[in-house]
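Protein chains in written order, with the working numbering: chain A, 1 to 146; chain B, 147 to 646.
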């Protein structure tokens with residue numbers, strides 16, 4: 001299954017890329033246009049994808065292992081939440097929220113500990129990034145205006 | 147020779163300024179820390195800490211980032227010796243005999259030897275970097291587009307060959323990396339390419355976003371799946387300084403390891419990872435009693451550790467002289483240089499001599515600092531190994547998120563990083579290694595540019611790459627490297643070496 005899936009994904013990526021590149025002019029060898037390199041690369045990627053599918057058909061069927069969803073869902077979810085609220089609500093809200101959402105990803109989480117940790121870490125980051133390094137990251141625009 | 151000393155003393159003058167010394171110290175301490183903590187790699191750390199350097203001048207910023215890199219090589223050995231987990235890929239070999247030494251109650255000697263030989267190797271490698279810097283830069287300045295293109299092909303060929311797992315998949319990753327680098331406006335016509343009409347993609351994919359997604363986020367996901375099993379050696383660390391007998395046994399392996407590591411480190415395409423393996427194999431072959439290896443032979447620590455550190459340092463040569471990063475960490479250094487407005491390449495040495503020589507000199511200073519902080523602080527580092535991952539991953543994630551946001555002050559970067567994190571996770575699950583992708587991505591733009599220039603100069607004739615002796619040689623070498631790797635017998639050896 002591993003090689004089959006890998007091959008299909010490569011072919012898919014190549015198809016999407018060459019579709020996007022199809023509107024660009026290929027040019028000539030003497031004067032390469034913007035479309036040539038992306039199109040050529042997509043063709044090579046697709047070729048490798050096909051090769052991988054062929055190796056799967058010829059019997060190299062190693063498994064893909066487990067695909068847990070909990071980790072990816074909450075870790076990437078935490079990052080997405082952070083990205084969505086950092087501008088309107090600032091680090092004072094986005095920071096602790098990221099830690100708490102991410103904590104759902106691990107079954108070892110102890111909630112009392114993580115809440116205290118979320119607050120402490122956010123304060124630490126505010127001091128470090130905002131006040132020591134003076135990065136222009138919003139703190140709490142809804143409360144203090146920046 | 148006189149030039150060398152003049153340049154080095156200029157470098158030291160730059161590197162010993164209070165600010166640069168401080169940044170170097172911070173770099174090596176953080177580096178040691180991430181090297182020790184398993185699951186936090188130097189790539190993610192450098193990407194994470196990039197925004198910390200925005201306020202510094204470029205020289206200071208790169209001194210700190212370089213410190214993180216070679217500091218991590220030091221720290222990685224500590225983890226390898228004490229808990230039998232390689233903190234970094236290059237300390238895999240150290241686990242074999244280093245951990246056995248620790249089990250025999252000689253952890254201190256193993257750690258001390260590792261630190262001392264690393265310092266020696268670092269010192270030699272610094273001189274090598276300084277000595278080769280100028281002549282190689284002069285060569286690089288003579289390179290036309292065809293030669294440059296061929297050189298980058300060679301680098302990518304090495305990256306494919308040295309990647310773990312299937313060659314086919316590594317090649318796919320390189321090509322995908324180059325493909326991703328074409329996203330954004332065309333370098334000649336300015337037309338938007340592969341942007342899906344998204345304004346965020348018009349300037350191309352940000353390097354930090356890609357690196358953090360593929361390494362930072364995906365690494366967390368992978369670590370969360372494998373439950374922690376750390377068995378820190380509970381026995382006493384014991385004395386740190388090797389005695390006369392240890393010293394006598396380590397001396398020649400140290401010299402050989404330094405030489406091997408320094409040479410392999412210069413190779414494009416992450417030759418540095420080969421150093422420790424090569425050194426271990428050589429020592430085992432030369433030993434009077436090879437059966438001692440694997441049972442706590444000090445040569446098995448001294449040689450590979452020296453090779454590891456020498457390679458880490460000489461890997462800067464292709465980056466500093468030609469502007470071609472040999473591995474993913476160096477690719478990140480390119481990203482850092484570009485953010486600070488410096489275009490990597492042979493012109494760095496002439497245009498920014500402070501940066502070039504300051505960085506070279508700081509490597510030696512950094513190595514000296516590592517020796518000083520590592521020996522007395524080993525007790526503290528050991529205690530750090532007990533920080534639970536359930537708190538660590540949340541911290542890493544928060545630092546990553548703040549870091550990515552701060553690069554462009556753009557929240558959509560954070561969302562895009564999450565997307566690449568997902569992609570990286572799927573790739574790892576399907577047996578693709580993400581490091582070659584990053585390398586292809588960094589070299590991609592320059593490669594396309596040089597390819598197009600070369601073909602314009604030759605009026606569309608591909609023969610230009612073969613008629614030019616230098617590029618013909620480099621391309622032939624790339625071909626040989628790949629063909630040799632496909633030969634089944636060698637392939638098996640490589641897999642044994644990389645998986646042992």
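Built from N, CA and C at the ideal position, the CB exists for glycine as well.
Whole angstroms are fine: how far does the CA of residue j sit from the CA of residue i?
i             : j             : result
residue 404/B : residue 2/A   : 40 Å
residue 131/A : residue 140/A : 14 Å
residue 458/B : residue 552/B : 29 Å
residue 342/B : residue 329/B : 10 Å
residue 4/A   : residue 31/A  : 38 Å
residue 153/B : residue 507/B : 9 Å
residue 413/B : residue 461/B : 8 Å
residue 255/B : residue 161/B : 32 Å
residue 111/A : residue 118/A : 10 Å
residue 135/A : residue 429/B : 50 Å
residue 159/B : residue 367/B : 44 Å
residue 169/B : residue 337/B : 41 Å
residue 547/B : residue 562/B : 11 Å
residue 353/B : residue 279/B : 26 Å
residue 83/A  : residue 538/B : 21 Å
residue 520/B : residue 422/B : 21 Å
residue 282/B : residue 463/B : 9 Å
residue 646/B : residue 182/B : Confidence is the limiting factor: at residue 646/B the pLDDT is only 48, short of 50, which leaves the residue's position unreliable, though a coordinate-based value still follows. Looking at the two C-alpha atoms, the distance is approximately 21 Å.
residue 467/B : residue 427/B : 31 Å
residue 386/B : residue 410/B : 30 Å
residue 364/B : residue 569/B : 8 Å
residue 392/B : residue 540/B : 42 Å
residue 157/B : residue 287/B : 22 Å
With distances taken Cα to Cα, identify the nearest neighbour of residue i among the options.
i             : options                       : result
residue 14/A  : 143/A, 141/A and 38/A         : 38/A
residue 210/B : 332/B, 166/B and 515/B        : 166/B
residue 41/A  : 630/B, 628/B, 590/B and 602/B : 590/B
residue 512/B : 190/B, 156/B, 192/B and 219/B : 219/B
residue 620/B : 202/B, 168/B, 283/B and 301/B : 301/B
residue 320/B : 150/B, 333/B, 304/B and 334/B : 304/B
residue 315/B : 604/B, 592/B, 573/B and 595/B : 573/B
residue 577/B : 594/B, 599/B, 317/B and 595/B : 317/B
residue 34/A  : 486/B, 327/B, 197/B and 494/B : 327/B
residue 332/B : 299/B, 361/B and 592/B        : 592/B
residue 346/B : 397/B, 402/B, 500/B and 556/B : 556/B
residue 68/A  : 263/B, 252/B and 369/B        : 369/B
residue 440/B : 163/B, 215/B, 599/B and 248/B : 248/B
residue 482/B : 171/B, 197/B and 156/B        : 197/B
residue 179/B : 206/B, 193/B, 472/B and 215/B : 215/B
Name the two residues that bound the continuous alpha helix (DSSP H) containing residue i.
i             : result
residue 392/B : 390 to 412
residue 25/A  : Taken as a continuous stretch (DSSP letters only), residue 25/A belongs to no alpha helix (DSSP H), as it is neither H nor E.
residue 610/B : 610 to 613
residue 106/A : Careful: residue 106/A lies outside any alpha helix (DSSP H) and carries neither H nor E.
residue 225/B : 204 to 229
residue 310/B : That residue, residue 310/B, is in no alpha helix (DSSP H); it is neither H nor E in DSSP.
residue 427/B : 420 to 432
residue 444/B : Segment: none, residue 444/B is in no alpha helix (DSSP H) and carries neither H nor E.
residue 129/A : From DSSP, residue 129/A is part of no alpha helix (DSSP H); its letter is neither H nor E.
residue 554/B : 535 to 554
residue 605/B : Where residue 605/B is concerned, there is no enclosing alpha helix (DSSP H), given that its DSSP letter is neither H nor E.
residue 39/A  : 36 to 57
residue 74/A  : 70 to 89
residue 680/B : The structure shown does not extend to residue 680/B, since chain B is modelled only from 147 through 646, so no value can be given for it.
residue 502/B : 499 to 530
Counting only Cβ pairs nearer than 9 Å, list the residues of chain B close to residue i.
i            : result
residue 99/A : 540, 541, 543 and 544
At a CB-CB cut-off below 7 Å, which residues of chain B make contact with residue i?
i             : result
residue 109/A : 536
residue 5/A   : 576
residue 178/A : Residue coverage of chain A in this structure runs from 1 to 146, which leaves residue 178/A outside it and unanswerable.
residue 95/A  : 544
residue 29/A  : 601 and 606
residue 37/A  : 328 and 594
List, in order along the chain, the chain A residues whose C-beta lies closer than 8 Å to that of residue i?
i             : result
residue 560/B : 79, 80, 82, 83 and 86
residue 371/B : 66, 68 and 71
residue 462/B : Going along chain A, no residue has its Cβ under 8 Å from residue 462/B, so there is no contact; the nearest lies around 26 Å.
residue 555/B : 136 and 137
Under 7 Å Cβ-Cβ, which residues of chain A neighbour residue i?
i             : result
residue 169/B : Neighbours of residue 169/B on chain A: none; closest Cβ ~13 Å, over 7 Å.
residue 617/B : None at all; the shortest Cβ gap to chain A is about 17 Å.
Below 9 Å on C-beta distance, what does residue i contact in chain A?
i             : result
residue 201/B : 133, 134 and 135
Counting only Cβ pairs nearer than 8 Å, list the residues of chain B close to residue i.
i            : result
residue 17/A : 325 and 340
By the 8 Å beta-carbon criterion, what residues does the segment 289 to 306 of chain B contribute toward chain A? none
Which residues, taken in chain order from the segment 322 to 339 of chain B, show a beta carbon closer than 8 Å to some beta carbon of chain A? 322, 324, 325, 328, 332, 334, 335, 337 and 339
Going along the chain, which residues of the segment 586 to 613 of chain B sit with their C-beta nearer than 7 Å to a C-beta in chain A? 594, 598, 601, 602, 605 and 606
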